[in-house]
Amino acid sequence: MGQEILNPPSVEGWHTGKEWIDGGTLLRRINFIADYVGDVSYPGIQDIVQKLVAEGPTMTPEGLVEGCLRLLGHYEVADETRQNLVEHAQKSGDLSTDTREFPKHVATMLQLIVATKEYLYA
């Protein structure tokens, strides 16, 4: 993401770590992954949705956040980030997992998670 194949920026080669991440590459990285996790037609996203559905007929906002974090790879986020995610999920209240809207709520939460600094710098 942001590093061109076969075109290193200098004779030293490609930079690693946070050194090569600037505003432009960070935005490209966010958009790239958000496009994928936001598309519920992908089998991997469908698997995440089905695993959350299997947890019960309803899901609390906290359960949605925790479930999505766990299924994306057990990401640890700061308390403030977690609270922001929960507050966003609370706008929809408890969710029924057997509705057509549930996968959209999951996809939105996944998009929010992959846009966090904890995910981007993991």
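Going by the working numbering, the sequence shown opens with residue 6, and the numbers climb by one from there. Think of the CB as a built atom: it goes at the ideal place given N, C-alpha and C, for glycine as much as any other residue. Source: prediction; values computed, not measured.
Asked: Local Cβ density within 10 Å of Thr30, reported as buried at 16 or more and exposed below that; Found: exposed
Asked: Contact set for Ala120: own chain, Cβ-Cβ below 6 Å, skip 5 residues either direction; Found: Ile35
Asked: Reference Cys73, options Asn89, Tyr41, Met114, closest by Cα; Found: Met114
Asked: Between the CA atoms of Gly49 and Gly78 - distance to the nearest angstrom; Found: 13 Å
Asked: Contact with chain B by Leu57, beta-carbon distance below 8 Å; Found: Here there is only one protein chain, and chain B is not present.
Asked: Cβ-based neighbour list, Val45, same chain, cut-off 8 Å, excluding 5 preceding and 5 following; Found: Gln51, Val54, Pro108, Lys109, Val111, Ala112
Asked: Where Thr86 sits in the DSSP three-state scheme; Found: helix
Asked: Rounded C-alpha distance that separates Tyr41 from Tyr47; Found: 8 Å
Asked: Val45: first and last residue of the uninterrupted alpha helix (DSSP H) it sits in; Found: Careful: Val45 lies outside any alpha helix (DSSP H) and carries neither H nor E.
Asked: Residues near Leu100 in its chain [Cβ-Cβ closer than 7 Å; skip 5 each side]; Found: Thr63, Met64, Leu69, Phe107, His110
Asked: Environment of Leu32 [buried if 16+ CB atoms lie within 10 Å]; Found: exposed
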